[in-house]
Amino acid sequence: MVTAASNFTHNIRRIRQQSHVLVTSGIYRLVRHPGYMGWFIWSLATQLLLVNPICGLAYAYMSRCFFYAPPERLVIAVITNKLCVSLPTALLQSWRFFYERIQYEEWYLRKFFGQDYEHYAQATPSGIPFID
451 MVTAASNFTH NIRRIRQQSH VLVTSGIYRL VRHPGYMGWF IWSLATQLLL VNPICGLAYA
511 YMSRCFFYAP PERLVIAVIT NKLCVSLPTA LLQSWRFFYE RIQYEEWYLR KFFGQDYEHY
571 AQATPSGIPF ID
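In this text, residue positions in the sequence shown follow my numbering: the first is 451, and each later residue adds one.
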């Protein structure tokens with residue numbers, strides 16, 4: 451966040467600001483999405499450190515509801531007890547979230563910065579396994 455400064459936001463920008471620049475220095479020299487990488491590692495590490503299948507199921511359920519279900523379906527899911535079945539499913543849910551978000555965000559980055567972003571993306575990994 452420090453390296454990106456005013457270019458960092460939790461919301462994906464769909465309109466390029468005049469001050470919007472492509473940041474390729476600092477941590478961004480090593481990975482394109484350091485914030486997403488950290489969040490993904492955190493989501494994986496907490497489940498591995500807990501070594502608790504109940505927490506793994508709860509994490510899978512909550513991530514599914516939070517990332518993919520509208521609020522009214524959350525109540526229905528709780529009532530009908532539709533839990534994901536395993537920790538790998540929970541991790542897959544996190545990976546899927548980042549995959550979709552990175553694809554969406556990078557569409558705009560390519561639109562904003564053209565060939566500069568294309569070259570940067572080819573030379574720098576995303577920071578999330580199997581997302582490039």
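For glycine and all other residues, C-beta sits at the position ideal for the given N, C-alpha and C.
Could you check the C-alpha separation between residue i and residue j for me, to the nearest Å?
i    : j    : result
Q565 : L494 : 33 angstroms
S576 : T496 : 21 angstroms
Q467 : S475 : 20 angstroms
I504 : Q553 : 32 angstroms
L500 : L542 : 18 angstroms
Q572 : I462 : 21 angstroms
Out of the options, point me to the one whose CA is closest to residue i's CA.
i    : options                : result
R546 : L472, L498, I465, I581 : I581
M487 : W557, Q572, R464, R551 : R551
May I ask you to report which of helix, strand or coil DSSP gives residue i?
i    : result
F548 : helix
I477 : helix
L472 : coil
Q543 : helix
Q553 : helix
Please work out which residues of its chain come closer than 8 angstroms, Cβ to Cβ, to residue i, disregarding the five sequence neighbours upstream and downstream, and give them in chain order.
i    : result
F490 : S544, W545, F548, G577, I578
R464 : Y558
E568 : R560
V481 : M487, T574, P575, S576, G577
Which same chain residues end up closer than 7 angstroms to residue i when comparing Cβ atoms and leaving out the 5 residues on each side of it in sequence?
i    : result
F562 : R466, H470
L472 : F563, D566, Y567, Y570
For the alpha helix (DSSP H) containing residue i, name the first residue and the last one.
i    : result
I491 : 484-500
D566 : 565-573
Who are the near neighbours of residue i in its chain, counting only those whose CB is closer than 6 angstroms to its CB and skipping five residues on each side?
i    : result
E556 : none
Given 7 angstroms as the limit, tell me if residue i has its C-beta closer than that to any heavy atom belonging to the ligand NAD.
i    : result
R560 : In the structure shown, the ligand NAD is absent, as is every other ligand, since no ligand is present at all.
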